[in-house]
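Student:
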DNA sequence: GTTGACAACTTGTCTAAACAAGTATATATT
DNA sequence: AATATATACTTGTTTAGACAAGTTGTCAAC
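Residue numbers (my numbering), protein chains in the order written: chain A, 126 to 367; chain B, 126 to 367.
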């Protein structure tokens with residue numbers, strides 16, 4: 126049983142997606158939500174705050190919660206969602222080819238230095254995968270999972286879904302990730318796996334993922350064909366300090 | 126006078142930046158914050174929630190609020206911050222050259238179609254700027270500001286800071302933005318303004334910015350030299366629905 | 001020494017209430 | 001008709017309290 130505010134959030138979110146609450150209209154007022162769901166006002170406000178944070182609504186004082194244009198999920202990179210979840214949500218046919226698996230590798234720390242990683246040579250399970258979309262290989266994912274946190278990552282988990290393995294099989298709770306997007310020339314491996322011409326460019330997404338107890342455990346380098354890459358972001362204006 | 130939770134947020138944030146609270150240590154507990162600032166627990170929790178949202182801390186139940194690695198601001202794109210604010214915060218010497226100014230232009234809707242823009246031909250003020258960093262032109266910004274929302278944008282505002290003009294001069298409140306990052310070949314204008322070779326690639330950031338009353342008013346196409354582009358993002362794992 | 005129960009901490013969730021402040025509408029006044 | 005006013009809505013902020021649940025250390029029992 127999860128909490129009430131999360132239930133209200135899920136319900137409102139689904140109704141916005143299903144256009145029960147349409148773009149440009151207002152959600153029920155906070156007091157109406159209290160009656161509708163049998164909750165206190167603060168509980169409803171928590172759900173609304175999360176909707177606002179995720180770009181579903183804009184709260185306007187004196188008026189209400191306005192449903193706004195929402196384009197959160199975009200293939201292939203958006204927030205911290207597993208590839209498999211994203212493909213399912215968007216109904217995209219994808220294939221996942223594991224072309225490298227080494228349970229006794231070492232973390233290439235240099236690649237993640239700009240993300241603030243200051244580890245020494247850590248034992249990791251190294252996994253290389255190619256993501257095939259519409260029969261065309263578009264993305265190379267190189268994952269390094271710390272053995273000190275997750276001693277064993279079976280090849281089967283890599284072929285299916287790493288996140289499902291971590292969360293459903295091992296019961297770990299994934300907390301947050303820092304990612305960095307850069308543009309780099311394709312290397313020999315990129316060209317070979319993705320059938321690219323010399324001179325091609327890649328969108329490279331490097332990320333460090335941590336559990337809810339703040340232990341970093343997964344380091345990923347995701348290399349995308351430049352012409353297929355698209356990243357979407359929703360951000361709110363920060364109030365100026367002081 | 127802003128609110129108490131924002132004051133506590135600013136104070137904790139500054140102390141984290143100043144390493145009064147160091148990486149890997151815990152902030153004062155919620156009850157201690159109540160005594161320290163003379164606030165109620167929920168008010169302190171609100172400040173902590175915002176810190177967590179912005180990647181400063183990780184809350185761990187039963188333990189406390191752990192200060193984590195924080196790398197929010199990165200040149201040149203991060204969240205929704207004005208170019209000038211970012212340059213000042215990072216102490217980077219930049220120059221800003223306005224090379225195009227047309228107060229009677231029309232919004233190029235095709236460029237922003239993928240962001241959900243469904244306007245017809247709207248009158249805008251069109252501004253073209255080159256951002257010069259370390260004596261090297263790196264970025265082209267093309268801004269289109271709706272005349273229906275902001276009838277007049279003086280050239281002076283473009284040379285200084287558009288955001289400062291909107292917020293400080295006109296008293297408008299900027300609410301949120303949706304942005305999209307793609308990788309595209311450099312066009313003739315890119316090559317001319319930034320002195321690039323044929324075959325060069327660009328990181329293109331297109332964004333739609335809205336006021337707190339949800340009126341979209343600014344459309345920006347920001348074109349970056351590929352080799353100088355870097356985007357950093359912090360994201361939390363969403364709890365699975367249902 | 002090991003184990004288990006307990007107490008004292010921590011954060012998580014929820015409630016009920018009060019007041020401030022922005023918006024919109026109806027109404028009375030001019 | 002235009003304007004001002006009252007009032008009934010809306011969201012924003014803060015408080016005080018209660019209970020749940022995870023973490024840690026102490027201490028007694030075995």
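Backbone N, C-alpha and C define an ideal beta-carbon position, used for all residues, glycine too.
1. Under 9 Å between the Cβ atoms of residue 310(A) and residue 326(A)?
2. Could you tell me the distance, in whole angstroms, from the CA atom of residue 264(A) to the CA atom of residue 225(A)?
3. Is residue 287(B) buried or exposed, if buried means 16 or more other CB atoms sit within 10 Å of its CB?
4. Determine, for residue 305(B), whether the minimum Cβ-Cβ distance to residues of chain A falls below 9 Å.
5. Would you kindly work out how many angstroms separate the C-alpha atoms of residue 211(A) and residue 132(A), rounded to a whole number?
6. So with Cβ pairs under 9 Å, would you call residue 208(A) a contact of chain B?
7. Under 9 Å, Cβ to Cβ, is there at least one residue of chain B near residue 356(A)?
8. Verify whether the separation of the beta carbon atoms of residue 331(A) and residue 344(A) is less than 9 Å.
9. Relative to the alpha-carbon of residue 336(B), which residue among 349(B), 348(B), 324(B) and 299(B) has its alpha-carbon at the smallest distance?
10. Below 9 Å between beta carbons: does that hold for residue 250(B) and residue 266(B)?
11. Between residue 270(A) and chain B, is any beta-carbon pair separated by less than 9 Å?
12. What residues in the stretch 290-302 of chain B bring their beta carbon closer than 7 Å to a beta carbon of chain A?
13. In this structure, does DSSP put residue 287(B) in helix, strand or coil?
14. Determine, for residue 328(B), whether the minimum Cβ-Cβ distance to residues of chain A falls below 9 Å.
15. If you follow the beta strand (DSSP E) that residue 311(A) is part of, which residue opens it and which one closes it?
16. Show which residues of chain A have a CB atom less than 8 Å away from the CB atom of residue 339(B).
17. Which two residues bound the contiguous alpha helix (DSSP H) that contains residue 155(B)?
18. Using a cut-off of 7 Å between C-beta atoms, extract the partners of residue 369(A) located in chain B.
19. Since residue 273(B) is in the beta strand (DSSP E), which residue starts that stretch and which ends it?
20. Note the first and the last residue of the continuous alpha helix (DSSP H) segment covering residue 141(A).
21. Report the rounded CA-to-CA distance for residue 363(B) versus residue 237(B), giving the unit in angstroms.
22. Cα-Cα, which of 359(B), 328(B) and 339(B) is closest to residue 352(B)?
23. Hey, residue 361(B) and residue 196(B) are a contact pair by Cβ (cut 8 Å); roughly how many whole angstroms apart?
24. Just to confirm, are residue 194(A) and residue 137(A) a CB contact at a threshold of 9 Å?
25. List the whole-angstrom C-beta distance separating residue 164(A) from residue 173(A), where the pair is believed to meet the contact cut-off of C-beta under 8 Å.
26. Any beta carbon of chain A sitting closer than 9 Å to that of residue 178(B)?
27. Could you check whether the Cβ of residue 240(A) sits closer than 9 Å to any Cβ belonging to chain B?
28. Between the Cα of residue 262(B) and those of 171(B), 143(B) and 347(B), spot the shortest distance and give me the residue it belongs to.
29. Can you list, in chain order, the residues of its chain whose CB lies under 8 Å from that of residue 192(B), leaving out five sequence neighbours each side?
30. Between residue 311(A) and chain B, is any beta-carbon pair separated by less than 9 Å?
31. What is the DSSP secondary structure of residue 194(A), reduced to helix, strand or coil?
32. Report the neighbours of residue 351(B) on chain A: residues whose CB is nearer than 7 Å to its CB, in chain order.
Tutor: Looking at the atomic coordinates:
1. Contact flag set, yes.
2. 14 Å
3. buried
4. yes
5. Rounded to whole angstroms, the separation of the alpha carbons of residue 132(A) and residue 211(A) is 22 Å.
6. no
7. yes
8. With contacts defined as CB atoms closer than 9 Å, residue 331(A) and residue 344(A) qualify as a contacting pair.
9. 299(B)
10. no
11. Closer than 9 Å: no.
12. 299, 300, 301 and 302
13. Three-state result, residue 287(B): helix.
14. yes
15. No beta strand (DSSP E) holds residue 311(A); DSSP gives it neither H nor E.
16. Residues of chain A passing the Cβ test: 183, 185, 191 and 193.
17. 155-162
18. No answer is possible for residue 369(A): it lies beyond the span of chain A, which begins at 126 and ends at 367.
19. Note, residue 273(B): premise wrong, no beta strand (DSSP E); not H, not E.
20. For residue 141(A), the enclosing alpha helix (DSSP H) stretches over residues 129-142.
21. Distance between the alpha carbons of residue 363(B) and residue 237(B): 28 Å.
22. 328(B)
23. Between residue 196(B) and residue 361(B) the Cβ distance is about 15 Å, and since that is not below 8 Å, they are no contact.
24. no
25. That pair is no contact at about 12 Å.
26. yes
27. yes
28. 347(B)
29. 141, 146, 147, 148, 149, 150, 151, 152, 181 and 182
30. no
31. coil
32. 308 and 326
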